[in-house]
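Note sheet for the following structure.
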Amino acid sequence: MTRLSWFNTVSLTLGFAFLYIPMIILVIYSFNESKLVTVWGGFSTKWYGELIHNEAFLKAAWVTLKVAAISSTIATVIGTMAAYVMVRGGRFLGRTLFSGMIYAPLVMPEVITGLSLLLLFIGIGLDRGVLTIVLAHTTFAMCYVSVVVSSRLVTFDRSLEEAALDLGCSQTDAFRLVTLPIIAPAVISGWLLAFTLSLDDLVLASFTAGPSATTLPIKIFSAVRLGVDPQINALSTIMIAIVTIGVITASLITKRQMVRQRQDEQNAERL
Amino acid sequence: MTVPVFEPWNDPEAKPLIQFQNVTKRFGVFTAIDDLSLDIYEREFFALLGPSGCGKTTMMRMLAGFETPTEGKIYLSSQDIAPVPPNKRLVNMMFQSYALFPHLSVWENIAFGLKRENRPKHDIAERVDEMLRLTRLEKFARRKPHQISGGQRQRVALARSLAKAPKLLLLDEPLGALDKKLRQDTQFELMDIQEKTGTTFVIVTHDQEEAMTVASRVAVMDNGKLVQVATPDRIYENPNSLYVADFIGDVNIIDGTASPSGQDQYSLAWKDGLAPLNVSSTQSFSEGQSCHLAIRPEKVTISAEEPTGADNAVPGRVLDIAYLGNISTYHVELPSGAVIKAQTANTRRIARRAFTWEDPVWLSWTATAGVLLAD
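Protein chains in written order, with this note's numbering: chain A, 1 to 271; chain B, 1001 to 1375.
Encoded structure:
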């Protein structure tokens, strides 16, 4: 271990303080006894208790999870297909146009995407609810999945697919038995990305959600406008905890896999 | 007792397993294969040899079914294979990168092709075990490809491509990723396996030593054309062109003009102003035709005294010595400044070496030692 110079220490401290002080304050205040968010009234977990009995929040949380799970799954399927065609389809007419158009929603302001979807849904007479949010999130997340998967496909050794064909696979079998298992980590991270994007999306959801279904971000946002309730702090703390656990688990798993792979390779050379 | 010689290419009755008939392959404006015809026979170990970009890999990929010829036809057992997709051909390929499936164990990699044929489980297991024995991989069946060494991966790739008992096995630079020692051992293993299984092998390589070692016949390619197709010894001893002579092994090229001096005998006047050289050649040359004498360094004798009775002898001075352990190559400078390489086996310890730098020496060779080639 090398000792950090004073300059690096200061930069590191400032950087982390900037990122995490707001969140730490939020977590601390979620254990506040007082009803006033800004006044410390002693330690308590009562807001967590109240949160569990808050029907509106629970319902919104359920809708959010449902929307995230469905839309990220559809987005993963379509996004993977799109990536495959873009990387492997060879040169076909309009390829450049298509690949540009797949990535366009990445840079498009969400407000515009949301508005155009809203107009479309009204135009075709689709009632706004879970279905419309799912459609909106799928559209939006698909291009992220496609970016993640195509970056993996670009480095994919093409001869693996040729070997599968050579050994008697049809094109579909080669994809199912060889390509898909190998690019699975990229597909999974694409799914996770789509899931997270859907979980915390506010803009698209507010355009496409209807009275029958609201997502958690909308619920929180509208609740905060009426004044910050300590329950929101508790809810946010739970979300931070879930995300933290997820990230730490994922990185631990990756690290363990890397260590094991390196050991395997070293053992292999020694034989 | 006479052992029958394996040379179906000299038998007019023999039916070739593979026939290339005037095959041309173009990629856009680039012609990779140019009007090429070639017959390859059953049980042959055939090598396609050439520098990178000469079209040898394209030939192999057309046989595997990953490319289709632009013009001409390719027959496998007298059947046109152009419309047959890769997964329906009785041809398997061993890839340069091995292309082992990283998510499957060695056992499952070898079983992969067999499972596609919907064979009974029992049959598959038996065949995989047979392949593991053949390639001495029994101990590694449960390992994943990244858990074995490079040499073992190469053997897994071979076992996988042989498992379906193809009529024809294609090997794309199969030993390119191995170090020299392992490569030499593996060459003999490959020949052994080829003999045991009786499969026809077509190997693509840019390594002439490898091609010479393993192959029954070698095709030397350049710019999408076959330059010479012959047995390794004929390719080496009787190259049909300057390109082949230069590509295979080490060679001295002497430019000059020929004039006939008897039955199959020529005297070669060369620009270095020394006495004309005596050369015998079965190929005929006209008076004054410019040509090249290709002569291998090991066929040039180096001596301290002027040799008596040699067909050709020239004096020179030792310029450089390349000591390779078993042999030494002497670079000898002639009075005119031209350099000729002579090779001798180091049968004595190096301290007793007869010549050293700057020594005046004589080079000599017989009239039949070299090959006279036209432009």
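Glycine included, every Cβ here is placed at the ideal spot set by N, Cα and C.
Residue i at chain B interface by Cβ criterion, 9 Å
i: Ile-188/A; result: no
i: Cys-169/A; result: yes
i: Ile-182/A; result: yes
i: Leu-93/A; result: no
i: Gln-261/A; result: yes
i: Leu-235/A; result: no
i: Val-178/A; result: yes
i: Asn-54/A; result: no
i: Asn-8/A; result: no
i: Asn-267/A; result: yes
i: Asp-264/A; result: yes
Nearest-angstrom Cβ-Cβ length linking residue i and residue j, presumed shorter than 8 Å
i: Gly-41/A; j: Asn-32/A; result: 6 Å
i: Leu-1137/B; j: Val-1106/B; result: 6 Å
i: Gln-1265/B; j: Ser-1280/B; result: 5 Å
i: Ala-1304/B; j: Ile-1253/B; result: Incorrect: roughly 26 Å between the Cβ atoms, too far for contact.
i: Ile-240/A; j: Val-27/A; result: 7 Å
i: Arg-1155/B; j: Phe-1046/B; result: 21 Å between Cβ atoms; not a contact.
i: Val-130/A; j: Val-67/A; result: 6 Å
i: Ile-1110/B; j: Arg-1160/B; result: 5 Å
i: Leu-1017/B; j: Met-1094/B; result: Going by Cβ atoms, the distance from Leu-1017/B to Met-1094/B rounds to 18 Å, so no, they are not a contact pair.
i: Ala-82/A; j: Ile-102/A; result: 6 Å
i: Gly-1065/B; j: Leu-167/A; result: The pair is not a contact, with the Cβ atoms about 12 Å apart (cut-off 8 Å).
i: Thr-1186/B; j: Leu-1162/B; result: Between Leu-1162/B and Thr-1186/B the Cβ distance is about 14 Å, and since that is not below 8 Å, they are no contact.
i: Tyr-1098/B; j: Arg-1183/B; result: Their Cβ separation, rounded to whole angstroms, is 14 Å, which puts Tyr-1098/B and Arg-1183/B out of contact at 8 Å.
Minimum Cβ-Cβ distance from residue i to chain A less than 9 Å
i: Arg-1234/B; result: no
i: Asn-976/B; result: An answer regarding residue 976/B cannot be provided, because it is not within the stretch 1001 to 1375 covered by chain B.
i: Gln-1154/B; result: no
i: His-1103/B; result: yes
i: Ala-1064/B; result: yes
i: Ser-1161/B; result: yes
i: Gln-1019/B; result: no
i: Lys-1144/B; result: yes
i: Lys-1164/B; result: yes
i: Gln-1263/B; result: no
i: Gln-1187/B; result: no
i: Gln-1184/B; result: no
i: Gln-1147/B; result: yes
According to DSSP, residues forming a beta bridge with residue i
i: Met-1094/B; result: Leu-1171/B
i: Gln-1263/B; result: None, per the DSSP bridge assignment.
i: Ser-1328/B; result: Tyr-1323/B and Thr-1344/B
i: Ile-1203/B; result: Ala-1047/B and Leu-1171/B
i: Ser-1280/B; result: Gln-1265/B
i: Met-1221/B; result: Leu-1226/B
i: Ser-1364/B; result: Thr-1301/B and Ala-1313/B
i: Val-1318/B; result: Val-1332/B
i: Arg-1026/B; result: Thr-1031/B
i: Leu-1293/B; result: Ile-1254/B and Leu-1372/B
i: Gln-1021/B; result: Lys-1073/B
i: Ile-1040/B; result: Ile-1018/B
i: Trp-1270/B; result: Gly-1256/B
i: Pro-1249/B; result: For the sequence presented, residue 1249/B should be read as Gly rather than Pro. Per DSSP, none; premise fails for Gly-1249/B.
Proximity test, residue i beta-carbon vs the ligand HEM heavy atom, cut-off 8 Å
i: Val-1339/B; result: Annotation note on the ligand HEM: not contained in the displayed structure, which lists no ligands.
inquiry  = With three or more C-beta pairs closer than 8 Å as the rule, is the region 1054-1067 of chain B touching the region 1019-1029 of chain B?
reply    = Contact between the region 1019-1029 of chain B and the region 1054-1067 of chain B is established, with three or more Cβ pairs separated by less than 8 Å.
query = Taking Cβ-Cβ distances below 8 Å as the criterion, which residues of the region 151-175 of chain A are in contact with chain B?
reply = Within the region 151-175 of chain A, the qualifying residues are Asp-157, Ser-159, Leu-160, Glu-162, Ala-163, Ala-164, Leu-165, Asp-166, Leu-167, Gly-168, Cys-169, Ser-170 and Asp-173.
query = Counting pairs of beta carbons, one from the region 135-143 of chain A and one from the region 158-178 of chain A, are three or more of them closer than 8 Å?
reply = They do not touch, by the three-pair rule.
query = Which residues, in order along the region 1080-1110 of chain B, keep a beta-carbon less than 7 Å from a beta-carbon of chain A?
reply = Within the region 1080-1110 of chain B, the residues whose Cβ lies closer than 7 Å to some Cβ of chain A are Pro-1086, Asn-1087, Asn-1092, Met-1093, Phe-1095, Ser-1097, Ala-1099, Phe-1101, Pro-1102 and His-1103, listed in chain order.
inquiry  = Would the region 1202-1213 of chain B count as touching the region 1072-1087 of chain B if we require 3 or more Cβ pairs under 8 Å?
reply    = Verdict: no, contact absent.
query = Does the region 149-162 of chain A come close enough to the region 103-113 of chain A that 3 or more CB-CB pairs lie under 8 Å?
reply = Touching, no, given that fewer than three Cβ pairs across the two stretches are closer than 8 Å.
request  = With 9 Å as the limit, tell me which residues of the region 1107-1137 of chain B have their beta carbon closer than that to any beta carbon of chain A; keep them in chain order.
outcome  = Residues of the region 1107-1137 of chain B with a C-beta less than 9 Å from any C-beta of chain A: Phe-1112, Gly-1113, Leu-1114, Lys-1115, Arg-1116 and Glu-1117, listed in chain order.
inquiry  = I'd like to know if the region 153-160 of chain A and the region 82-95 of chain A are in contact, where contact means that at least 3 CB-CB pairs between them fall below 8 Å.
reply    = Yes: the two stretches touch, three or more of their Cβ pairs being nearer than 8 Å.
ask   = Given 8 Å as the limit, is there contact between the region 1033-1042 of chain B and the region 1208-1227 of chain B, that is, 3 or more CB pairs closer than that?
value = Three or more beta-carbon pairs separated by less than 8 Å link the region 1033-1042 of chain B to the region 1208-1227 of chain B, which places the two stretches in contact.
task = Specify whether the region 202-221 of chain A and the region 1003-1017 of chain B touch according to this definition: at least 3 beta carbon pairs, one from each stretch, less than 8 Å apart.
result = Contact between the region 202-221 of chain A and the region 1003-1017 of chain B is absent, because fewer than three Cβ pairs lie under 8 Å.
request  = Using a Cβ-Cβ cut-off of less than 7 Å, list which residues of the region 1193-1225 of chain B approach chain A; keep chain order.
outcome  = Per Cβ criterion, the list is empty.
ask   = Would you call the region 1241-1253 of chain B and the region 1072-1085 of chain B in contact, with 3 or more CB pairs under 8 Å?
value = By the Cβ test, the region 1241-1253 of chain B is not in contact with the region 1072-1085 of chain B, since fewer than three Cβ pairs between them sit closer than 8 Å.
inquiry  = Below 8 Å, how does it come out for the region 190-203 of chain A and the region 1110-1117 of chain B: are there three or more Cβ pairs, yes or no?
reply    = Counting C-beta pairs closer than 8 Å gives fewer than three between the region 190-203 of chain A and the region 1110-1117 of chain B, which falls short of the contact rule.
inquiry  = Beta carbons nearer than 9 Å to chain A: which residues of the region 1331-1343 of chain B have them?
reply    = Close to chain A, meaning a Cβ-Cβ distance shorter than 9 Å, is no residue of the region 1331-1343 of chain B at all.
Sufficient close CB pairs (3 or more, under 8 Å) joining the region 1360-1371 of chain B to the region 1306-1318 of chain B = As far as the Cβ criterion goes, the region 1360-1371 of chain B touches the region 1306-1318 of chain B, which means the pair count is three or higher.
ask   = How about the region 222-232 of chain A and the region 240-253 of chain A: do they share at least three Cβ pairs that are nearer than 8 Å?
value = Fewer than three Cβ pairs drawn from the region 222-232 of chain A and the region 240-253 of chain A lie within less than 8 Å of each other, which leaves the two stretches out of contact.
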